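Residue numbers for the sequence shown follow the working numbering, beginning at 2 and rising by one.
From the three backbone atoms N, C-alpha and C, an ideal C-beta is built for every residue, glycine too.
Just so it is clear, the structure is predicted and the values come from calculations on it, not from any experiment.
Inspection log for the structure reproduced underneath, given as structure tokens.
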Amino acid sequence: MIQLKSKVVKEKPELRSSGSGRKRVVVVGAGFAGLSAVESLKDSQTDVILVDRHNFSTFQPLLYQVATAGLNPGDVAFPLRTVLRARNHARFEQGTLASVDAEKHFVTLEDGKTIDYDYLVLGIGANANYFGIKGAREHSHAIYTLDEAIDVRNHLFRQFERAASHGVRDGGLTFVVVGGGATGVEMAGAVAELAHKALYTDYTTLNPDDVRVILIEQNSRLLEAFHEDLSEYARRELRARGVTVLLQEAVESVDPGKIVLKSGREIENGLVLWAAGVAVPPVVNHLNLPTGRGGRIMVGSDLRVIGSDSIFAVGDVGLAVNDKGDPLPQLAQPAIQGGRHAAEQVLALIDGRSTSPFRYRDKGTMATIGRRAAVTEMPVGIRLNGTLAWLAWLGLHVVTLLGSRNKASVMLNWMWHYISWGKGPRVILGG
Ligand SMILES: Cc1cc2nc3c(=O)[nH]c(=O)nc-3n(C[C@H](O)[C@H](O)[C@H](O)COP(=O)(O)OP(=O)(O)OC[C@H]3O[C@@H](n4cnc5c(N)ncnc54)[C@H](O)[C@@H]3O)c2cc1C
């Protein structure tokens, strides 16, 4: 019989106030923003309850690599109980936020459970914006969760299997990506690399020339947030990978197996990937909190929700602005810095100090296109592309990942991927 070593049981915060006099901070959402807030409260005299609908944190920037069989799902997911294991100030509660009672200071989860708070930090992220385009929600795929990434991978490989068994029919090997921002460019590049390489090695009865990857962008250039030279570089690199880039084309509707553009063009396809815009989760509309541009929750300069003295909204879901009054981008860095700032303001309020305004420090933006091709733009005007930018992109993503096992696994997978020309987990899961 194996005997487990007995452990000292550490006290963790309970759901109802223990009367300890310590303030209760409830953090909803265990993404970049929520985890940064929890971490920043670690040496404080607060009891923290972290709530998330999943029992793991997802590293969204690498989801597209799960979708294209570059990484395993477990590489980009980190169990939250493991994150909090060494954190005595915090405990985890799996649940989905349903409502907030701002007057009585409690949240209600979908299963009916309520949790009291003294301070609430909302960091529930974002999901896809379909702009009301007919059929887009129903007949396209977005990648915001691990389930969605696995679903895309399944779908891609089902299309390959179908084509191998029955021949290429009805555009079955045409993959359309909508949206030429960083996510769309990454997806288009990765799908093109996967499709061409997988067909050469695993589906040898298929002709790689039958694969079409089409990237649709309604603006006149890709990667609008980057300098024009980098946009042009991205377009060239995508073309070199066999991606057809359609600029100044907008989507009219998405039907099963067909996408219709406003120009009248129709494209039969096997999969539409939606990377055209970001919206807040639908639950935000039921929280009775003020919302602004993009449906994001309106916050003051200290990141407290307008009209509330104890609720903060951070990351993608909060409408924080820069010095010029422009909304901060929905990216990892504003979320990390915002989560940290909210935690600091909670501590200031507990101590009876006044709060301070949030100042976002822009550390630069990156996007990858594929093997040895990426773009990096730093705030000081430095712009990189090619192998150097790609290596910087790889390094930064490994450093930001949670957990040593995940870091090691991702690095190993990438090395293997590089040497073997992309032989990753090419499996169809489920029925
Ligand atoms: C495919 C993709 C690629 C990206 N690539 C990059 C990149 O290269 N660089 C970059 O900087 N940014 C990138 N981003 C954007 C970046 O991931 C987000 O800006 C960032 O994750 C926002 O952090 P957040 O904490 O606000 O939200 P998230 O990280 O999305 O976390 C939100 C958390 O809230 C939980 N949640 C949601 N609703 C509820 C609910 N009702 N109840 C309980 N829990 C809930 C979710 O499960 C999740 O854990 C990418 C995003 C995507 C989708």
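The residues Pro62 and Leu63, in chain order, have a CB closer than 7 angstroms to that of His398 in the same chain once the five nearest residues on each side in sequence are set aside.
In terms of side-chain proximity, the C-beta atom of Met367 is found nearer than 7 angstroms to a non-hydrogen atom of ligand 1. Of the residues assessed, Glu139 falls on the exposed side of the cut-off, its CB having fewer than 16 other CB atoms within 10 angstroms. Membership of Arg213 in the beta strand (DSSP E) is indicated by the continuous run Arg213 to Glu218. Inter-segment contact for the segment 64–73 and the segment 387–397 is absent: fewer than three beta-carbon pairs are separated by less than 8 angstroms.
Judged by beta-carbon spacing, Glu94 lies within the 8 angstroms limit of Ile116, meaning their Cβ atoms are closer than that value. Distance from the CA atom of Leu157 to the CA atom of Thr146, rounded to whole angstroms, is 17 angstroms. Between the segment 176–195 and the segment 77–97, the count of Cβ pairs shorter than 8 angstroms is below three; the stretches do not touch. Between Leu392 and Ala343, the C-beta gap is not smaller than 8 angstroms, which leaves the two residues out of contact. The three-state reading of DSSP puts Asp324 in coil, since its state is none of H, G, I, E or B. Ligand 1 has no heavy atom closer than 7 angstroms to the beta-carbon of Ser41.
Only residues of its own chain outside the window of five on either side were considered, and among them Leu348 have a CB closer than 6 angstroms to the CB of Ser45, listed in chain order. Put simply, of Val26, Lys24 and Phe33 the residue whose alpha carbon is nearest the alpha carbon of Gly339 is Phe33.
The alpha-carbon of Asn323 is positioned some 20 angstroms away from that of Val122. Minimum Cα-Cα distance from Ala137 among the listed residues Asp112, Ser100 and Lys259 corresponds to Lys259.
Per DSSP, the continuous alpha helix (DSSP H) segment holding Tyr201 begins and ends at Ala183 to Thr202. By the criterion of at least three beta-carbon pairs nearer than 8 angstroms, the segment 281–293 is not in contact with the segment 183–195. Classified as exposed, Ile420 has fewer than 16 neighbouring CB atoms from the shown chains inside 10 Å of its CB. Taken atom to atom, the span from the alpha-carbon of Ala165 to that of Ile312 is near 54 angstroms. The shortest C-alpha to C-alpha distance from Asn208 to any of Ile134, Gln219, Leu174 and Glu253 is the one to Leu174. The continuous stretches of alpha helix (DSSP H) do not include Leu42, and DSSP gives it neither H nor E. Cβ-Cβ distances below 8 angstroms link Ala321 to Val300, Leu304, Val315, Pro328, Leu329, Pro335, Gly339, Phe359 and Tyr361 in the same chain, with the five nearest sequence neighbours on each side left out; the list follows chain order. If you look at Ile125, you'll find it isn't in any alpha helix (DSSP H); DSSP assigns it neither H nor E. Between ligand 1 and the CB of Pro80, the shortest heavy atom gap is not smaller than 7 angstroms. Counting the other CB atoms within 10 Å of its CB gives His167 a total below 16, which places it among the exposed residues. By the neighbour-count criterion, in which a residue is buried when 16 or more other Cβ atoms sit within 10 angstroms of its Cβ, Tyr118 is buried. One alpha carbon belongs to Val411, the other to Lys105, and they sit about 45 angstroms apart. Going by C-alpha positions, Gly371 is about 9 angstroms away from Met188. In this structure, DSSP gives Arg92 an extended state, which the three-state scheme calls strand.
Comparing alpha-carbon positions, the option among Arg23, Gly22, Val39 and Val153 lying closest to Gly30 turns out to be Val39. In this chain, the alpha helix (DSSP H) harbouring Phe161 covers Leu147 to His167.
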